[in-house]
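Going letter by letter, the sequence shown gives residues 48 to 456 in our numbering.
Backbone N, C-alpha and C define an ideal beta-carbon position, used for all residues, glycine too.
Below is one structure, written out as structure tokens, with a few remarks after it.
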Amino acid sequence: MTGWSGCTEPCTSHCQESAKRPGALTRPPHFGQLGSPLIGLNGPSSSAPRQGRPHTITRPARSVHPGPTGFVSSRIGGRRTLLAGLAPVVVFAALAGTSDTVGQLVGFRAGWGLGNALFVSTSLAVIVGAAAGGSAAAILLYESALGLGMACGPLLGAALGNASWRYPFFGTAALTAIGSLCITAFLREQPRPVRKVSLLDPIRALGHGGLASAAAAAFFYNHAFFTVLAFTPFVPNMTPYRSGAVFFAWGVLLAVFSVLVAPRLQRRFGSLTVLGGSLVLLAADVVVLGYGSHTTAIVCTVLSGAFIGVNNTVFTELALGVSDAPRPVASAGYNFVRWFAAAAAPYLAPKIEEWSDVHTPFVVAGAAAVIGAVIVRVRRTALTHEARVLAPKHATEDGVGAFANQGLS
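Dropping the structure here:
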């Protein structure tokens with residue numbers, strides 16, 4: 048979610064034109080995210096799913112990459128960075144489909160993860176910089192695109208995986224290639240930067256107490272999130288089609304609650320109240336998931352999509368608005384922290400099961416979500432005060448201005 052540092056002139060006419068075409072902005076992240084869930088329910092590692100190896104290799108690549116992403120995108124521009132990120136995803140996803148061993152698959156997933164990080168870390172910054180209606184509307188566009196992809200991916204993955212475990216990887220490559228074509232055809236380059244982002248700028252941004260608090264809370268939340276996403280599919284012990292249907296329903300709830308429900312709850316109760324409550328409800332849901340019957344596990348898996356959708360929207364808005372750092376830089380620092388939990392969860396969940404039983408990974412995930420809620424509560428003053436003080440400044444940075452002003456901050 049990083050970006051570039053500013054521009055040599057105010058928003059140009061071609062940027063304004065891009066801002067009026069939200070469909071062009073959401074197609075690339077939609078196809079990119081659609082490809083990701085194709086893999087989780089299939090693949091040669093599904094015969095030994097609790098190893099968690101491919102996910103564990105891919106996630107650290109994502110977590111380390113936000114800093115270099117800003118470094119790259121501030122020099123070559125957001126559009127070229129997106130294309131540079133999607134290219135290795137296409138190549139390594141296709142190569143993963145040709146793997147003969149789990150070791151080969153892990154290696155290809157590592158290269159795939161670097162490209163995916165480059166794309167994911169930049170896509171939100173591009174949408175915020177080019178979408179009309181301000182950053183809040185851009186975040187909803189981003190979340191709706193991801194939610195749609197997360198919903199459709201498992202169904203398509205199940206259909207492809209039922210024919211061959213290799214086909215979901217080829218499907219991911221094809222969908223990512225479509226996303227690249229959409230970027231090439233519909234997305235124009237945004238203004239060129241004045242001041243380039245250094246490798247350490249995202250780390251320096253974490254010196255802000257509000258941003259650091261948001262990142263810490265998101266770190267623990269992401270452990271719960273990715274325990275559900277990476278470990279839960281193997282617990283109900285269902286066929287790929289049934290697992291795909293479950294996670295389709297999960298993705299639909301995620302999309303609906305992130306785009307439609309979360310904003311309404313925020314307006315009525317306040318963002319931090321909603322976030323704290325949603326984290327506690329997610330904690331309760333995953334614990335019941337771990338101890339419930341087969342039917343209960345399915346219901347709780349689907350229901351977790353609602354809480355995850357709310358959390359994703361509120362956390363994203365919080366990360367972009369709580370600090371005085373330019374939004375792309377603040378987002379990069381935030382992602383640098385939270386993706387480490389996303390890297391750990393797919394590895395730790397099966398290990399915890401080996402050390403104890405199948406219920407304990409969900410207890411740990413629930414505890415992590417509660418810790419996130421506690422951080423939000425304890426650091427409430429820093430989070431609300433800073434966001435309120437900076438709201439006028441960020442309001443003037445909506446759209447492409449968020450990046451045009453970055454070089455002047």
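For residue i, would you say it is in contact with chain D, using Cβ-to-Cβ distances shorter than 8 Å as the test?
i      : result
Ser403 : Structure shown: chain D not included; a single protein chain is present.
Between residue i and residue j, is the Cβ-Cβ spacing less than 8 Å?
i      : j      : result
Leu430 : Ser260 : yes
Leu329 : Asn358 : yes
Ala262 : Arg385 : yes
Leu246 : Tyr381 : no
Val44  : Leu142 : No statement about residue 44 is possible, as the shown extent of the chain runs from 48 to 456 and does not include it.
Ala192 : Gly162 : no
Ala420 : Val327 : yes
Ala379 : Ser370 : no
Leu171 : Tyr189 : yes
Ala391 : His255 : no
Ala302 : Ala198 : yes
Pro393 : Phe278 : yes
His406 : Gly317 : no
Ala184 : Phe273 : no
Return the CA-CA distance between residue i and residue j, expressed in angstroms with no decimal places.
i      : j      : result
Phe387 : Leu207 : 30 Å
Asp248 : Ser121 : 12 Å
Pro408 : Val335 : 12 Å
Gly356 : Thr363 : 11 Å
Leu319 : Tyr268 : 14 Å
Arg235 : Ser305 : 27 Å
Gly323 : Thr145 : 44 Å
Val333 : Val167 : 26 Å
Phe354 : Ala252 : 28 Å
Gly124 : Arg374 : 16 Å
Phe216 : Met285 : 21 Å
Ser94  : Ile225 : A caution first: Ser94 carries a pLDDT of 37, below 50, which makes its placement in the model too unreliable to give a value.
Ile399 : Pro280 : 16 Å
Phe118 : Arg289 : 43 Å
Val321 : Val293 : 26 Å
Ala331 : Ala415 : 11 Å
Asn209 : Gly291 : 11 Å
Trp212 : Leu195 : 23 Å
Gln151 : Leu395 : 22 Å
In the structure shown, what three-state DSSP assignment does residue i receive?
i      : result
Ser110 : Here Ser110 scores only 49 on pLDDT, less than 50, and its place in the model should not be relied on; the value that follows carries that caveat. Helix.
Lys398 : helix
Arg242 : coil
Trp297 : helix
Ala372 : coil
Asn284 : coil
Trp159 : helix
Asp248 : helix
Asp404 : coil
Phe304 : helix
Trp386 : helix
Leu129 : helix
Asp332 : helix
Val118 : According to the sequence shown, residue 118 is Phe rather than Val. Looking at Phe118 - three-state DSSP - the assignment turns out to be helix.
Thr274 : helix
Arg424 : helix
Ser144 : Looking at the sequence shown, residue 144 is not Ser but Gly. Coil, per DSSP.
Leu234 : coil
Arg2   : What the structure shows of the chain is the stretch from 48 to 456, and residue 2 is not part of that stretch, so it cannot be assessed.
Arg213 : coil
Notebook entry, point to check: Does the region 195-207 come close enough to the region 154-165 that 3 or more CB-CB pairs lie under 8 Å?
Noted result: no
Notebook entry, point to check: Is the region 211-225 touching the region 125-144 in the sense that three or more CB pairs, one from each, lie closer than 8 Å?
Noted result: yes
Notebook entry, point to check: Are at least three pairs of beta-carbons, each pair with one atom in the region 304-313 and one in the region 227-238, less than 8 Å apart?
Noted result: no
Check: Do the region 347-355 and the region 293-303 touch if we need at least three Cβ pairs shorter than 8 Å?
Finding: yes
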